[in-house]
Structure formats: structure tokens, C-alpha cells
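J.: Can you read through this structure? Questions will come right after.
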Amino acid sequence: MIRLIYISTARSELSEVELEAILRVSRRNNAAVGVTGLLIVGGRRFLQALEGPADAVTQTYDRIKADGRHFAAVTLDSRAISERSFPGWAMGHQPGKSLRGDGAVADDVAALITPISDPTTHAYFAEFAKNHAA
Ligand SMILES: Cc1cc2nc3c(=O)[nH]c(=O)nc-3n(C[C@H](O)[C@H](O)[C@H](O)COP(=O)(O)O)c2cc1C
């Protein structure tokens, strides 16, 4: 298995309805190929972790990168793993809207990432929540 973490930028800020549509399709597709992960949205930035069989993760990421709703995907980390960080989530997501300044959603992200034992993965999400909650 591998885990890949990337960051990207939305062409324009997505509405909650558009985001829900992405999550719905993602959960269906990912469940079918054994991919799990987490997608966090902060303003126009996405941070996503994809984990599972290497072929499934690579094919999913190739499809995501070709999606015109975002651009400038930068792979932050890609490594072999023996254990998933997000075993229960075909694609987890912070509840509510994208990260706002009121701290509530940042707290939600903190709660979401508490179970992540891998320090690199934990650090990427913690930093992202901090930097994009303003
Ligand atoms: C930020 C972002 C994250 C996405 N994450 C996933 C994902 O985890 N899995 C997935 O299958 N599609 C994901 N997508 C959607 C894909 O780019 C693509 O639209 C979708 O996989 C096509 O699925 P379909 O051929 O079943 O319609 C994501 C799109 C965006 C913009």
C-alpha cells in the first residue's frame, strides 16, 4: 500500500453543493478500489490524502489531477505504508463549510486528525488547518 498527500488550488471557491458532489463520487469510486483518505478544504486550497493499493492510488490521483475544477497539484508526500491512517473513510471531510476564522472548523479538523498516528501525515493536516483557518 502507499499513501500520497497533495495540495492543490480550486479554480474558484467551490460551493457546499459542488463539494458534496465531489465527495459523493469520491466515496463511491474509492470504496470500489480500496482507497481511503481525507480531504480538507481551506478557502481555495485542497489538502488530500489518498491511501490504498499503489495502482488504485496512482490511478485515482491521475484522474484527480486531470480534473479542471482545480490546478497546480503538488505532491507533498508519497510513501509505502503498512497501515492506513484513515481506515474508516472512503473519503473523510471536515464537517461544515470550508475552514473559517471562528476556530470551530479548525477544532473539527483537530478532532478529525487526532487518530492519525503517522507523524508526517498528522503534521501536514495540522499545519494546513492552522494556515488556512484565518
Ligand atoms: C479536490 C478533488 C478531490 C477529488 N478526490 C477524488 C477521490 O478521492 N476519488 C475520486 O474517485 N475522485 C475524486 N475527485 C473527482 C475526480 O477528479 C473525478 O471527477 C472523478 O473521479 C470522476 O469519477 P466518475 O468517472 O465516476 O464520474 C476529486 C476531485 C477534486 C477536485
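Quick note on numbering: this note's numbering labels position 75 of the sequence shown as 588, and the sequence is numbered without any gaps.
Just so it is clear, CB atoms sit at the ideal spot from N, CA and C, and this is done for glycine as well.
This structure is a prediction, so every number in the text was calculated from the model and none was measured.
1. Would S521 and A579 be called neighbours here (beta carbons separated by less than 8 Å)?
2. Are the C-beta of L589 and some C-beta of chain B separated by less than 8 Å?
3. If the criterion is Cβ atoms closer than 8 Å, does the pair A562 and G550 meet it?
4. So for S525, helix, strand or coil by DSSP?
5. Buried or exposed: which applies to Y637, given that a residue is buried once 16 or more other Cβ atoms fall within 10 Å of its Cβ?
6. Considering only their Cβ atoms, is the gap separating A603 from A623 smaller than 8 Å?
7. Note down the Cα distance separating H645 from V546, rounded to an integer number of angstroms.
8. Which same chain residues, not among the five before or five after A593, have their C-beta less than 6 Å away from its C-beta?
9. Kindly indicate the opening and closing residues of the beta strand (DSSP E) around F584.
10. Quick one: using the 10 Å Cβ neighbour count with 16 as the cut-off for buried, is T633 buried or exposed?
11. So for I515, helix, strand or coil by DSSP?
12. According to DSSP, is A579 part of a helix, a strand, or is it coil?
T.: Put simply:
1. no
2. Reference to chain B is not applicable here, since this structure consists of a single protein chain.
3. yes
4. coil
5. buried
6. no
7. 31 Å
8. I515
9. H583 to A593
10. exposed
11. strand
12. coil
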